Amino acid sequence: MRTAIWLLLVQASLGAFDTLYYHEYKLKLADGEHTGIELRLHATRDFAYAVIIGSLGFVTWNGFFAWLLLVLLLGEICITLWDFIEEDKIRKLPPGERAMHAIMGIVYGAFLAFLIPQMFHWSALDAGFGTSYHGFPAWILAVIATGVFISGIRDLIASSRRVRA
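As structure tokens, this is what we get:
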């Protein structure tokens, strides 16, 4: 699980950079005229990420909850794929953002390769949340999860002001 946590920390850090640099600074997505759907997708994904990123450094998802986590992960993947399609419909991605998304996809795949076998182990345990403290990376992930949640609220509010695409 240690490797999965460190990969999640890399993934969350790349996501934070992507959001702050590309979405907020360079492209100002919240001010876009046709970004309503994209912002709603980002908000939904942010809420899923906040739960995933904020919890895995501190708890295990046991029994039924392991399957619930799997559904959350699969849902996040579907939202991300939909987001890629939506981005291509409404705007031209800068080459750096496109490359960032590719790198994030690779890191996320590596994260899942380490997490999913652990989740199968957790699924055999009694339902509930167990303790699983991962020290420094857990606290950094908790801070990032808070930022991701706030970003999700901001994107959701901004999406309601955008022209519906």
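Residue numbers for the sequence shown follow our numbering, beginning at 29 and rising by one. The C-beta atom is built at its ideal place from N, Cα and C for all residues, glycine as well. As the structure is a prediction and not an experimental result, all values here were calculated from the model.
Using only the alpha-carbon positions, how far apart do residue i and residue j sit?
i	j	result
Ile65	Thr72	11 Å
Asp74	Gly180	5 Å
Ala186	Phe142	35 Å
Met128	Leu101	20 Å
Asp154	Ala94	10 Å
Gly60	Arg182	14 Å
Val79	Ile168	14 Å
Ile81	Phe139	12 Å
Glu114	Phe92	33 Å
Leu48	Val171	15 Å
Ser188	Thr31	39 Å
Ile118	Phe112	10 Å
Leu156	Trp89	According to the sequence shown, residue 156 is Gly rather than Leu. Straight-line Cα distance between these residues: approximately 6 Å.
Thr108	Leu67	12 Å
Ala152	Leu98	14 Å
His62	Ala44	23 Å
Glu125	His51	9 Å
Since residue i sits in a beta bridge, which residues does DSSP pair it with?
i	result
Thr88	Gly158
Less than 8 Å between the CB atoms is what I'm expecting for residue i and residue j, so what's the real figure, rounded?
i	j	result
Leu84	Leu36	6 Å
Do residue i and residue j have their CB atoms nearer than 8 Å?
i	j	result
Gly175	Val87	no
Trp110	Leu69	yes
Gly103	Ala130	no
Met132	Asp46	yes
Gln39	Tyr161	no
Pro123	Lys54	no
Trp200	Pro165	Residue 200 cannot be examined here, being either before or after the span of the chain that is shown, 29 to 193.
What are the boundary residues of the alpha helix (DSSP H) that includes residue i?
i	result
Thr31	30–45
Asp74	64–83
Arg126	123–151
Ser187	164–187
Please report whether the beta-carbon of residue i lies at a distance below 8 Å from any beta-carbon of chain B.
i	result
Asn90	Of the protein chains in this structure there is only one, and it is not chain B.
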